[in-house]
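Asks: Residue numbers (the numbering used here), protein chains in the order written: chain A, 132 to 553; chain B, 132 to 553.
This is the structure I want to talk about, given as C-alpha cells.
Number of protein chains: 2
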Amino acid sequence: MTGPALSAEIITIGDEVLTGHTVNTNAAKIARRLGEVGISVEWVTTVGDVAETVHEAFRAAWNRAQVIVTTGGLGPTHDDITRRVFCEVFDRRLVRSEPVLENIRELFARRGRTITPRNVDQANVPTGTEVMMNRWGTAPGIYLAEAGRHWFMLPGVPREMEGLLEHEVLPRLLRIIGDRVILRRELHVVGLPESWLMDRIDGIPGLESVASLPDLKGEVTLRITVAAANRAEAQAELERLDAALRERLGRFVYGVDGESLEGVVGKLLLAKGQTIALAESCTGGLVASRLTDVPGSSAYVMLGVVAYSNAAKESVLGVPHDLIVAHGAVSEQVARAMAEGARRLAGVDLALALTGIAGPTGGTSEKPVGLVWIALAHAEGTEVRRFQFGDERILNKQRSAQTALDMVRRHLLRQPGEALDV
Amino acid sequence: MTGPALSAEIITIGDEVLTGHTVNTNAAKIARRLGEVGISVEWVTTVGDVAETVHEAFRAAWNRAQVIVTTGGLGPTHDDITRRVFCEVFDRRLVRSEPVLENIRELFARRGRTITPRNVDQANVPTGTEVMMNRWGTAPGIYLAEAGRHWFMLPGVPREMEGLLEHEVLPRLLRIIGDRVILRRELHVVGLPESWLMDRIDGIPGLESVASLPDLKGEVTLRITVAAANRAEAQAELERLDAALRERLGRFVYGVDGESLEGVVGKLLLAKGQTIALAESCTGGLVASRLTDVPGSSAYVMLGVVAYSNAAKESVLGVPHDLIVAHGAVSEQVARAMAEGARRLAGVDLALALTGIAGPTGGTSEKPVGLVWIALAHAEGTEVRRFQFGDERILNKQRSAQTALDMVRRHLLRQPGEALDV
C-alpha cells in the first residue's frame, strides 16, 4: 500500500543566495533527497533577510504545501530572522531550551571557544515545536507538525543542513509516508537530437515517468523514476519502461546511471583486449583528453597525435604530401591516411582520425565550417564518415569528439558483417 | 542622477531544477548581474513544468516586482509551457513571428539539420510582446513592458540565457534605470590560491567594489564594478582600482574581461612569431585541446603528441629507453627528454612536456598521485619544474594544463635574463 502523496516546498532564506553570490546547492540537495523518497517538491522559494518577504513566503508555503523545509536565518547574527518570523506567522513565542543550550555549551567547550550572549539566544525555540539537535553546529533544527503540515527549519550551513536532513528530517518523513518504494534509472543516449528522440519514444505507456535532459555536445539523458507499494512492483515497472525505451532506441542508448561515453568505450576496449591510437586535427586533442579522463585508460590508449599542421600530418603520420595537395587536408582521403598512419605508428588495433574545419573561419562553399571527416582504421579495413556540424568552434570540437567516440563504440559492439550504423 | 530603485523577481521553470538534478546557476547569474546595475532581486521562485504552479508564480510575481525575469520552458518539447501560461495570465494569443522563424531556419541550415514542426512552433510568440532574437539557439526571448513592469522570458539553456541577458535584457534595463553609469572589468589571475590572493590585495581602498570568483582549476577572476553619476568619474575609479590590484598582483594577472589563458598564450606566440608543440602524458591531450580552442591557433600549434605508453615516448618522441628504465616515466629527466624530442620532431620554437601521476591509482610513497613534472624547451635551454597537485584525476589534469600554459606565458613575457617565476 502506498502512503499519501505529499507535495513539498523549500524556502531558502539569506541575502547571499538571493544576490547570487552563493549558488543554491542546499535547495538542490533537499529536492533530490525528498524526491528519492517520493515527496515531490513543487516550489523552491528564495528570499532575503527581510522580515516582510520571509513572512509572505511562509504564509504562501503554508497554503500550498504539506511538507515545508526552510534553510537559513537561524544563526547568531542580527540578520537571522527565521525564528522570529515563524513566531509571528504561527503565533508562538521563543522559550529557552535547556538541552539546546547544553548542546551549544558542549560544542564551544570542544572548540575551546567562549560562548557569547548571541549564541545563548540560539537556544531559544518557538513554543509547541520539536527541537532537532544539531551535532554539527550551534543552531538547532526546529520541527512543527500541525494541521497535516510538516514544517522543518534547518540552518543554512551545508554540513549542518545535510546532517539534520539525513538524521532528523528524512527519518521523520519516512515514518509519515510509510513503505513506498521509489526506483530510478538514467539511460544515456548519443547520436539523436532531442526532438528526434522524443518522436521515436512517443506513445510509450507511462512516458510521464521519463524526463529528458539534453546537453550541448549532443547527448540526452532519459531519467526514469517509478514509485510503487513494494520493491517488486517498482522494479517491474522500471524494467518495463527500460525495455520499451531500448526497443525504440537500440544502440543509441550507450550507458546507464552516469556512465560516460569515454568510460563505455574504455570498458569495451578492455573487454575485447584492444588498444587505440588517435590522430586528431580539428579536435586538437579533445578525443585523447576525454579517453584519458578515465582511470586506468593507460591500459588501452597508446598514442595520440595532434597533427595540426600539414607538416606534422606528413612527417609524424606519414600522410603522403601529394594526397594533401590533391584533396586538401580536410578530405576523406587524408582522414583515411591519418587513421592508417596512426594505426601503423602505434601498433594498435584501432586508430581514429579526425580532420575538419572547426571555424569560425577557413570555410569555403565546397568545404564549409563544420565539415568533419572521421576515419576508423581496424583490422578489417578503414571506414570514413562525413559530418556537417555547425558554425561554432568549441561546439564543433565537442560534437566531433562525441561522434568519433560513438563510432568506436558502435564498431566494438557490432557483430561480424554488421554495418557501423545499425 | 540615479534612476528609480527597481525590485526584481526571478522565476526558474523546469522539473530538472525543481527536483535538484540541476543546480540553479541561472538564477545566481541573473541575480548577480541585476545587482551590479543596482536592481535588487527580492524573490527567486522555482517551479516545475506544471501549468497551474507556473500560473500562480506568474501572478504572484506580477503583484510584487517591477522587473521579472523567467528562465526555462521555452523549448520545443511538450514540457515547455512558459509561453502558454504567459498567454493565459496576460490574456494574449500566440502568433507566428516570421523573423523568429527565419532565425530558426538559418540556425538549422547552419547546423545541417532538418527543422521539425516542434521547432517551427518555437516561432510563435505572444501578441503585444517584443521579441529578443536568440543568436545562440532556437527559442526567442520575449519582453513585455506594461503597467510599470518589465517582464523578460529567457530560455533555460545557460549559454542562450546568458547571451540574451547581456545583449538584450541588461541594455533595456540600463535605459530604464537612467543615466547612472556602471562600468565593469574583470581581471583574471592565475597561479595564486584565492586566500593568498585576498591577503595580497588586503587593504586596498574601495575593495568592496571587487568580487572574487575562483574556479576549480585554480583560476580566480576579480570583478570590479563601479557606479558613478557620469562616465569620467566611473572610468577614473575603475582605473584606480585596476592599477591598485595590478600593483599588488604583478604577472599573476594574465588577462581581462573573459580572456582565456590559452588565448593570451596564443596572442603572445603570434606577437613573437613563435610556434609550439606539446608532448603530453598525464594530461592526455588537454593542453593541446585548450590551445586549439582558440580560433586561428593553427598558425602556431604545430604538433601535439599524447605519449601515453612508454613505447610512444620512445618511438615518437625519441626518449631513450635507458632513461625511462633508470628514472621512471614520471621524472625530471624524462620530462626534459620529451620536451626536447617534441621540439626537434616538430621543428618549433617552444615545446612543452608533461609527465605525472594523474591517479587515482599508480602512486608510490616516493612518487605520490598528483606528482607532475613540466618541462619547457626553448632556444636557450630546457626548464623543468616539479609540482604536487591533489588526488583527483580530472582536477590533476586541469591544474597541470593550467600550470603548463602559465609557464609558457611567463616565458614569453620575460625580459632577457629574467627567471620564469618573476
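Virtual Cβ for every residue (Gly too), placed ideally from N, Cα, C.
Here the structure is a predicted model, which means the values were calculated and not measured.
1) Pull up the distance between the alpha-carbon of Leu353(A) and that of Glu471(B), whole angstroms please.
2) Express the C-alpha separation of Ile308(A) and Arg516(B) in angstroms, rounding to a whole number.
3) Taking the straight line between their C-alpha atoms, what separation do you get for Ser138(A) and Leu314(A)?
4) Grab the span of the beta strand (DSSP E) containing Met118(A) for me, first residue to last.
5) Where does Ala510(B) land, buried or exposed, given buried means 16+ other C-beta within 10 angstroms?
6) So does the segment 183 to 201 of chain A actually touch the segment 137 to 151 of chain A, counting three or more Cβ pairs closer than 8 Å?
7) Within the continuous alpha helix (DSSP H) that includes Glu471(A), where are the two ends?
8) On a CA-only basis, which of Ala430(A), Ala442(A), Lys444(A) is nearest Tyr439(B)? Give me that one, please.
9) Identify whether Ala408(A) lies in helix, strand or coil by the three-state DSSP scheme.
10) Look at Thr414(B) and Leu485(B) and say whether their C-beta atoms are less than 8 Å apart.
11) Comparing C-alpha positions only, which one of Leu502(A), Val396(A), Arg214(A), Glu390(A) sits nearest to Leu526(A)?
12) Could you please tell me which residues of the segment 169 to 191 of chain A, in chain order, have their CB closer than 9 Å to any CB of chain B?
13) With DSSP as the reference, identify every bridge partner of Tyr484(B), one or two as the case may be.
14) Per DSSP, what kind of secondary structure is Phe518(B) in: helix, strand or coil?
15) For Phe217(A), which beta-bridge partners are listed by DSSP?
16) For Leu149(A) and chain B, any beta-carbon pair shorter than 8 Å?
17) Can you check whether the CB of Glu368(B) is closer than 8 Å to the CB of Val351(B)?
18) Could you give the distance in angstroms between the alpha-carbon of Arg280(B) and the alpha-carbon of Ser228(B)?
19) Does at least one heavy atom of the ligand NAD sit under 7 Å from the Cβ of Leu454(A)?
20) Comparing the C-beta of Arg331(B) with each C-beta of chain A, is any distance below 8 Å?
21) Out of Lys528(B), Ala159(B), Val178(B), which has the shortest C-alpha to C-alpha gap to Ala192(A)?
22) Cβ atoms of Phe217(B) and Met284(B): under 8 Å apart, would you say?
23) Identify the continuous beta strand (DSSP E) that holds Arg315(B) and give its terminal residues.
24) If the cut is a Cβ gap below 9 Å, which residues of chain A does Tyr274(B) touch?
25) Which residue spans inside the segment 283 to 364 of chain B form an unbroken alpha helix (DSSP H) run of at least 4?
26) Our contact map puts Gly349(A) next to Arg242(B) with C-beta atoms below 8 Å; I'd like the distance itself, whole angstroms only.
27) In angstroms, rounded to a whole number, what distance separates the CA positions of Arg541(A) and Leu422(A)?
28) According to DSSP, simplified to helix, strand and coil, what is Met263(B)?
29) Around the Cβ of Lys403(A), are there at least 16 other Cβ atoms within 10 angstroms (buried) or fewer (exposed)?
30) Assign Leu573(B) to buried or exposed, taking buried as 16 or more other Cβ atoms, counted over all protein chains shown, within 10 Å of its Cβ.
31) Quick check on DSSP: helix, strand or coil for Leu275(A)?
32) Closest to Ser420(B) by CA distance: which of Asp330(A), Ala532(A), Arg371(A) is it?
33) Quick one: which chain B residues come within Cβ less than 7 Å of Leu434(A)?
34) Hey, out of Ser446(B), Ala466(B), Gln519(B), whose CA is closest to Lys498(B)'s CA?
35) Cutting at 7 Å between CB atoms, please list the residues of its own chain near Leu232(A), excluding the five before and the five after it.
36) I want to see whether chain A comes within less than 8 Å of Lys160(B), judged by CB atoms only; does it?
Replies: Answer, in terms of the structure:
1) Translated into the one-based positions of the first sequence, residue 353(A) becomes position 222. Translated into the one-based positions of the second sequence, residue 471(B) becomes position 340. Whole-angstrom Cα-Cα distance: 48 Å.
2) Translated into the one-based positions of the second sequence, residue 516(B) becomes position 385. Translated into the one-based positions of the first sequence, residue 308(A) becomes position 177. Spanning the two alpha carbons is a distance of roughly 59 Å.
3) Taking the first sequence and counting its residues from 1, the one referred to as residue 138(A) is at position 7. Taking the first sequence and counting its residues from 1, the one referred to as residue 314(A) is at position 183. Rounded to whole angstroms, Ser138(A) to Leu314(A) spans 18 Å at the Cα level.
4) In the structure as shown, chain A begins at 132 and stops at 553. Residue 118(A) is therefore absent and cannot be evaluated.
5) The residue labelled residue 510(B) in the question sits at position 379 within the second sequence. Ala510(B) should be labelled exposed.
6) yes
7) As a working mapping, residue 471(A) is identified with position 340 in the first sequence. Looking at the DSSP string, the run of the alpha helix (DSSP H) that includes Glu471(A) is 463 to 477.
8) Translated into the one-based positions of the second sequence, residue 439(B) becomes position 308. The option with the nearest alpha carbon to Tyr439(B) is Ala430(A).
9) What you label residue 408(A) is simply residue 277 of the first sequence in a count that begins at 1. Residue state, collapsed to three classes: strand.
10) As a first step, residue 414(B) is located in the second sequence; it is residue number 283 there, counting from the start. As a first step, residue 485(B) is located in the second sequence; it is residue number 354 there, counting from the start. Yes, these two residues count as a Cβ contact at 8 Å.
11) Taking the first sequence and counting its residues from 1, the one referred to as residue 526(A) is at position 395. Out of Leu502(A), Val396(A), Arg214(A), Glu390(A), Leu502(A) has the C-alpha closest to the C-alpha of Leu526(A).
12) Ser171, Val172, Glu173, Trp174, Val175, Thr176, Thr177, Val178, Gly179, Val181, Thr184, Glu187, Ala188, Ala191
13) The residue you call residue 484(B) lines up with position 353 of the second sequence. Correcting the residue identity first, residue 484(B) is Ala in this sequence and not Tyr. Paired residue(s): Ala410(B), Ala506(B).
14) As a first step, residue 518(B) is located in the second sequence; it is residue number 387 there, counting from the start. Three-state result, Phe518(B): strand.
15) For the purposes of this step, residue 217(A) is identified with residue 86 of the first sequence, where counting begins at 1. Phe217(A) is not bridged to any residue.
16) Residue 149(A) sits at position 18 when you count from the first residue of the first sequence. Yes, its Cβ sits closer than 8 Å to a Cβ of chain B.
17) The residue given as residue 351(B) occupies position 220 in the second sequence. The residue given as residue 368(B) occupies position 237 in the second sequence. It is not a contact, given that the beta carbons lie outside the stated cut-off.
18) As a position in the second sequence, residue 280(B) is number 149, starting the count at 1. As a position in the second sequence, residue 228(B) is number 97, starting the count at 1. Whole-angstrom Cα-Cα distance: 23 Å.
19) Inclusion of the ligand NAD in the displayed structure is not the case, the ligand content being empty and no account of it being possible.
20) Locating residue 331(B) in the second sequence gives position 200, where the first residue counts as 1. It does not; no Cβ of chain A falls within 8 Å.
21) Looking up residue 192(A) in the first sequence gives position 61. Among Lys528(B), Ala159(B), Val178(B), the Cα nearest to that of Ala192(A) is on Val178(B).
22) Taking the first residue of the second sequence as position 1, residue 284(B) is located at position 153. Taking the first residue of the second sequence as position 1, residue 217(B) is located at position 86. With respect to the 8 Å criterion, Met284(B) and Phe217(B) are classified as neighbours on the basis of their beta carbons.
23) Taking the first residue of the second sequence as 1, we reach residue 315(B) at position 184. Boundaries of the beta strand (DSSP E) around Arg315(B): 312 to 321.
24) For the purposes of this step, residue 274(B) is taken as residue 143 along the second sequence, with counting starting at 1. Within chain A, no residue has its CB atom less than 9 Å from the CB of Tyr274(B), the nearest being about 21 Å off.
25) Restricting attention to alpha helix (DSSP H) runs no shorter than 4 residues, the segment 283 to 364 of chain B encloses them at 289 to 295, 301 to 308, 325 to 332, ordered along the chain.
26) By one-based count along the first sequence, residue 349(A) stands at place 218. By one-based count along the second sequence, residue 242(B) stands at place 111. Actually they do not touch by this definition, with Cβ atoms about 10 Å apart.
27) Translated into the one-based positions of the first sequence, residue 541(A) becomes position 410. Translated into the one-based positions of the first sequence, residue 422(A) becomes position 291. When rounded, the distance between both Cα atoms is 16 Å.
28) As a position in the second sequence, residue 263(B) is number 132, starting the count at 1. Reduced to three states, the DSSP call for Met263(B) is strand.
29) Residue mapping note: residue 403(A) aligns to position 272 of the first sequence, counting from 1. It counts as exposed.
30) Nothing about residue 573(B) can be read from this structure; chain B reaches only from 132 to 553.
31) Residue 275(A) sits at position 144 when you count from the first residue of the first sequence. In this structure, Leu275(A) counts as strand in the three-state DSSP scheme.
32) Taking the first residue of the second sequence as 1, we reach residue 420(B) at position 289. Considering only alpha carbons, the answer is Ala532(A).
33) Taking the first residue of the first sequence as position 1, residue 434(A) is located at position 303. Within 7 Å Cβ-Cβ: Val437, Ala438, Tyr439, Ser440, Ala443, Val447.
34) As a first step, residue 498(B) is located in the second sequence; it is residue number 367 there, counting from the start. For the residues Ser446(B), Ala466(B), Gln519(B), the minimum Cα distance to Lys498(B) belongs to Gln519(B).
35) As a working note, residue 232(A) is residue 101 in the first sequence. Only Val251, Ala254 meet the Cβ criterion.
36) On the second sequence, position 29 is the one that residue 160(B) refers to. Judged by the 8 Å Cβ criterion, Lys160(B) is in contact with chain A.
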